[in-house]
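Have a look at the structure below before the remarks.
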Amino acid sequence: MNDYADIREKLLARRLELRTRVDNIITDVTHAEEPLPSDFAEQAVERENEEVLEALGEAGRTELRAITVALARIDSGDYGMCTGCGEDIPRARLDVLPFSDKCVHCAEDAATAP
Ligand SMILES: [Zn+2]
19 MNDYADIREK
29 LLARRLELRT
39 RVDNIITDVT
49 HAEEPLPSDF
59 AEQAVERENE
69 EVLEALGEAG
79 RTELRAITVA
89 LARIDSGDYG
99 MCTGCGEDIP
109 RARLDVLPFS
119 DKCVHCAEDA
129 ATAP
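Numbering-wise, the sequence shown is residues 19 to 132 according to the working numbering.
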């Protein structure tokens with residue numbers, strides 16, 4: 019069985035980064051003038067509701083969901099397998115795109131599909 023511990027770390031770090039960005043956006047939007055209550059930021063980190071996801075924008079939202087799915091697949095042992103053809107996704111690709119769930123061929127097929 020493959021060891022994806024380092025990729026898992028990478029995904030967790032990236033998720034934290036995205037959530038921090040969400041916090042900053044929420045701070046800008048809702049508390050531009052006032053200091054933030056200390057526990058508000060922590061609550062915001064834990065929230066993954068539509069309001070939070072809305073603040074992140076489409077690209078970040080898609081990435082955050084993909085990261086969540088990838089982490090679940092690591093935990094369930096399905097990670098690293100292409101959801102298109104069932105083949106192993108090359109490790110080099112996972113290192114570059116850790117939340118990818120398709121091999122290069124299937125990703126290209128999906129991108130060029132009508
Ligand atoms: Zn594939």
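Here a beta-carbon is modelled for each residue, glycine too, at the ideal position from N, C-alpha and C. Only a predicted model underlies this, so the values are computations on that prediction, with no experimental measurement involved.
Inter-residue Cα distance where the pair is residue i and residue j
i: E126; j: G78; result: 21 Å
i: C124; j: D41; result: 35 Å
i: G102; j: E35; result: 29 Å
i: L29; j: I92; result: 10 Å
i: P132; j: I25; result: 32 Å
i: D106; j: S94; result: 15 Å
i: D21; j: I43; result: 35 Å
i: A31; j: E81; result: 13 Å
i: V114; j: T45; result: 31 Å
i: T130; j: R83; result: 22 Å
i: E72; j: V122; result: 30 Å
i: A128; j: M99; result: 16 Å
i: E27; j: P108; result: 19 Å
Presumed contact (8 Å Cβ cut-off) between residue i and residue j, rounded CB distance
i: A88; j: Y97; result: 6 Å
i: I85; j: R33; result: 5 Å
Candidates the options: closest to residue i by CA position
i: G104; options: V114, K120, L115, S94; result: K120
i: F117; options: A128, G75, A90; result: A90
i: A23; options: R83, C100, G75, L112; result: L112
i: G75; options: V122, R37, C100, T130; result: R37
One or two residues paired with residue i in a DSSP bridge
i: D106; result: M99
Contact test: residue i Cβ vs ligand 2 heavy atom, cutoff 6 Å
i: G98; result: Absent from the structure shown: ligand 2. Ligands present: ligand 1.
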